[in-house]
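I have placed the structure first, in the form of structure tokens, so that the comments after it can refer back to it.
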Amino acid sequence: MFINNRKIPVELLYYNALSARTDLTTSERYQMESIRKGYEGECLYDKIFDETGHKNLYIFRDVYLKIKNTTAQYDSIVISDDCVTINEIKNFQGDFRFSKDMWYKDERLLEDDAFTQLRRAKGNLMKINKDSDVQFEVKNALIFINDDFRLSSENDDIWEKTIVRSHLRKYLRNLNNSYRGEKAKEIANVINKYRVRNTFFNERPDTSRLRLGFYCGECKSFDLSKYRFHFKCNNCETIETKETHFLRALSDHKFLFYNEPVTKKSISHLIDNQLSKTTLLRFMNKHCNLIKKGSRSTHTFKYYDFNDAVKTITGGRYKNTIRKQSE
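The working numbering puts the first residue of the sequence shown at 32, with every later residue one more than the last.
Right, here's the structure in full:
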């Protein structure tokens, strides 16, 4: 059983918002595509796990755990009465070689060692086990989700912890052959107490690069015509409500300025004052939580991202009309 949803990573939502409002640098495009590919691999893992079944398990997905003074991210933590299994998911593609604790792709040395990351992840969970009244065994494996992945190595020790795509379904079915009882529930509750938000992300754009205002959700054009309740895209003729545009801007604000609250001034600047003060205040009261600090007030977005937020207004009086771009 999946305990939590796997959400689009904060880092990817940052680059999505940034790319809508400026041209990305070569480095930014590389980072964005790398994160996107990793997320797609994790979603494929979830899909295959759904197909093989996981009713006998508790599964945390994409969680951050703070253990003593160390915060670590986990792609998947699979819990049964027997043990806790860490799955780190890699969407590597092509020919790789592992030699003397070094990874190579096409004979080019890579910076990160996935097996070292896996050992650290296991070590951190073993600290939870040591400090807990509920004792459990910790296992781990690297999941190479891409079917176009090949690994060569003379180190025989790695193969026990290496699961390639062709072996994945059998591996997941074996995990689900375990038993999920009260002990598994207790273990899940213990691990859940260590969960924290993503503390690694600290990107902030140069605001002078950002294009201000609303943009079309379909084609990303800023060329919009304003009507009483809607904006119409002059490029693809998509019609979206003012509220939809505002929710998209709030989501952009959240991820572009991740550790900063929303103020009327900051969101008004981002949308280039394209809403009246009355409409702005009404939407903020509806979709933000108010935080008062003395005489000063700030807001936080109520939802994780735009996709979560827009679901709350789908039954409203005013509708969006999406014009799909021709292929």
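The beta-carbon is built from N, C-alpha and C at its ideal position, and this holds for glycine as well.
Distance between THR116 and GLU358 (C-alpha atoms, nearest Å): Its pLDDT being 34, under 50, GLU358 is placed unreliably by the model, and the measurement read from it follows with that caveat. Rounded to the nearest angstrom, the two C-alpha atoms are 43 angstroms apart.
Environment of TYR246 [buried if 16+ CB atoms lie within 10 Å]: Buried is the call here.
For SER130 and LYS78, the rounded distance between their alpha carbons: For LYS78 and SER130, the distance between alpha carbons rounds to 32 angstroms.
Distance, ARG313 Cα to ARG196 Cα: Each residue's Cα considered, the two are about 50 angstroms apart.
Member of ASP81, ASN338, THR56 whose CA lies at the smallest distance from the CA of PHE33: Proximity to PHE33 across ASP81, ASN338, THR56 peaks at ASP81, based on C-alpha coordinates.
Member of THR345, HIS330, THR83 whose CA lies at the smallest distance from the CA of LYS201: That would be THR83, whose Cα lies nearest to the Cα of LYS201.
Other residues of its chain near CYS250: CB distance less than 8 angstroms, five sequence neighbours each side excluded: If we look at CYS250 and ignore the five residues flanking it on each side, its Cβ neighbours are CYS264, ASN266, CYS267, THR269, GLN356.
Within the region 109-137, ranges of the alpha helix (DSSP H) (whole runs, at least 4 residues): Runs found: none.
Whether PHE262 touches VAL41 by CB criterion (8 angstroms): No.
Helix, strand or coil at ASN320 according to DSSP, with G and I counted as helix: The answer is strand: DSSP assigns ASN320 an E or B state.
Short Cβ contact (8 angstroms threshold) for LEU88 with LEU206: Taking 8 angstroms as the Cβ cut-off, LEU88 and LEU206 qualify as a contacting pair.
Option in ILE174, PHE231, CYS114 with minimal Cα separation from ASN208: Measuring from the Cα of ASN208, the nearest candidate turns out to be CYS114.
Distance, GLY125 Cα to LYS136 Cα: One C-alpha to the other measures close to 8 angstroms.
ASP93: first and last residue of the uninterrupted beta strand (DSSP E) it sits in: Note, ASP93: beta strand (DSSP E), 89-98.
Bridge-paired residues (DSSP) for ALA219: Residue pairing for ALA219: DSSP places it in no beta bridge.
When ILE110, SER111, TYR105 are compared against LYS121, the one with the closest alpha-carbon: Out of ILE110, SER111, TYR105, TYR105 has the C-alpha closest to the C-alpha of LYS121.
GLN305 burial status per 10 Å Cβ neighbour count (16 or more: buried): When all chains shown are included, GLN305 counts as buried.
Cβ neighbours of SER50 in the same chain (closer than 6 angstroms, five flanking residues each side left out): Excluding sequence neighbours, SER50 sits near nothing in its chain.
Span of the alpha helix (DSSP H) around ILE176: If you look at ILE176, you'll find it isn't in any alpha helix (DSSP H); DSSP assigns it neither H nor E.
Reduced DSSP category for GLU73 - H, G, I as helix; E, B as strand; rest coil: Helix, per DSSP.
TYR335 to CYS74 span [Cα, whole Å]: Roughly 18 angstroms separates the two Cα atoms.
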